[in-house]
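First up is the structure itself, then whatever we jot down about it.
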Amino acid sequence: MSQTPPPGERIAKVLARAGVASRREAERMIEAGRVSVNGKTIASPALNVTEKDRITVDGKEVGEAEAPRLWLYHKPAGLVTTARDEKGRETVFDKLPEGMPRVMSVGRLDINSEGLLLLTNDGGIKRKLELPATGWLRKYRVRVKGAPKDADFEPLRRGLTLEGERFQPMTVTLDRQQGANAWLTVAIREGKNREIRRAMEAIELPVNRLLRVSYGPFRLGDLKPGAVEEVKPRVLRDQLGLKETPQKPERKVRRRR
Numbered sequence: 025m026s027q028t029p030p031p032g033e034r035i036a037k038v039l040a041r042a043g044v045a046s047r048r049e050a051e052r053m054i055e056a057g058r059v060s061v062n063g064k065t066i067a068s069p070a071l072n073v074t075e076k077d078r079i080t081v082d083g084k085e086v087g088e089a090e091a092p093r094l095w096l097y098h099k100p101a102g103l104v105t106t107a108r109d110e111k112g113r114e115t116v117f118d119k120l121p122e123g124m125p126r127v128m129s130v131g132r133l134d135i136n137s138e139g140l141l142l143l144t145n146d147g148g149i150k151r152k153l154e155l156p157a158t159g160w161l162r163k164y165r166v167r168v169k170g171a172p173k174d175a176d177f178e179p180l181r182r183g184l185t186l187e188g189e190r191f192q193p194m195t196v197t198l199d200r201q202q203g204a205n206a207w208l209t210v211a212i213r214e215g216k217n218r219e220i221r222r223a224m225e226a227i228e229l230p231v232n233r234l235l236r237v238s239y240g241p242f243r244l245g246d247l248k249p250g251a252v253e254e255v256k257p258r259v260l261r262d263q264l265g266l267k268e269t270p271q272k273p274e275r276k277v278r279r280r281r
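In this text, residue positions in the sequence shown follow my numbering: the first is 25, and each later residue adds one.
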């Protein structure tokens, strides 16, 4: 006999939709004993909750899920893409304009990389945008030390295996030579850890600047370093296939001085 599933949704999914953390991070928070339901600390994410349940994280009550939102952020070099850094370095979240709600990054850019970083208040959107199955193209402007020929990039176009890790074929265009450096346009679909830097090092072309200019249909455009711009709800719905949800009144975002 089949059993009727309990009502509601898994608590990690509810926490993600409320913008508390991604599903995976929410599961870790639960296992660390930081989450309570109806006054009782839970130890496992294998729990369904409904709107009637009172959920708290670190003693603070979790509010209702807000409408899904997405922001474009021009990450400057020198910031790490993490909520907390064990080395005490400044993070992108330390530098966001005042008035921003709690957000999560879609993927990462390493400390020396700059350009487009997507931010969202919704764990479901984060997961959807990061899934390899989505396969959205990420484009970068890349400056390398050296004077490469177009043929030098053939190993990258075929796909590399480095230290047992397979990199999918990249699209690489040699744009121009500028003194001792060359500018490239590189497009990838997976975005593994330091993928472009590692691939360029493998063909002896060290990267000395890397700027992401687009992530799928979302583009950096003229956004200045440190600036944030929200994607219009209609555009977000169209691109991600989301259902229309009523938007709460927006708070004005004040820029840090």
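Backbone N, C-alpha and C fix where the C-beta goes; we use that ideal spot for every residue, glycine too.
At the C-beta level, residue 94 and residue 144 come within 7 Å of one another. Segment contact: the region 192–200 against the region 243–256, fewer than three CB-CB distances shorter than 8 Å; contact not assigned. Exposed is the label assigned to residue 228, since fewer than 16 other Cβ atoms lie within 10 Å of its Cβ. Contact between the region 179–186 and the region 233–244 is absent: fewer than three C-beta pairs spanning the two stretches fall below 8 Å.
Only residues of its own chain outside the window of five on either side were considered, and among them 31 and 32 have a CB closer than 7 Å to the CB of residue 74, listed in chain order.
A direct Cα-to-Cα measurement between residue 263 and residue 96 gives close to 14 Å. As for any alpha helix (DSSP H) of minimum length 4 sitting wholly inside the region 125–183, the runs are 147–154 and 178–182, ordered along the chain. Counting C-beta atoms within 10 angstroms of its own C-beta, residue 129 has 16 or more neighbours from the protein chains shown and is therefore classed as buried. Residue burial is scored here from C-beta neighbours: residue 197 has fewer than 16 other C-beta atoms within 10 angstroms and is therefore classed as exposed. Taken through DSSP and simplified to helix, strand or coil, residue 35 comes out as helix. In this structure, residue 243 lies away from residue 148, with their beta-carbon atoms at least 7 Å apart. Under the three-state reduction of DSSP, residue 192 is assigned to coil, being neither helix nor strand. Under the three-state reduction of DSSP output, residue 44 falls in the coil class, being neither helix nor strand.
In the same chain as residue 71, and ignoring 5 residues on each side of it, the C-beta atoms closer than 8 Å to its own belong to 34, 35 and 61, in chain order.
A residue is called buried once 16 or more other Cβ atoms fall within 10 Å of its Cβ, and residue 122, having fewer, is exposed.
Distance from the Cα of residue 233 is smallest, within the candidate group 152, 124, 214 and 102, for 102. With 16 or more other Cβ atoms inside 10 Å of its own Cβ, residue 208 counts as buried. The Cβ atoms of residue 165 and residue 205 lie no closer than 7 Å to each other. The beta-carbon separation of residue 104 and residue 113, rounded to 5 Å, stays under the 8 Å limit for a contact.
Its Cα nearest to that of residue 139, the residue 163 stands out among 170, 163, 222 and 108.
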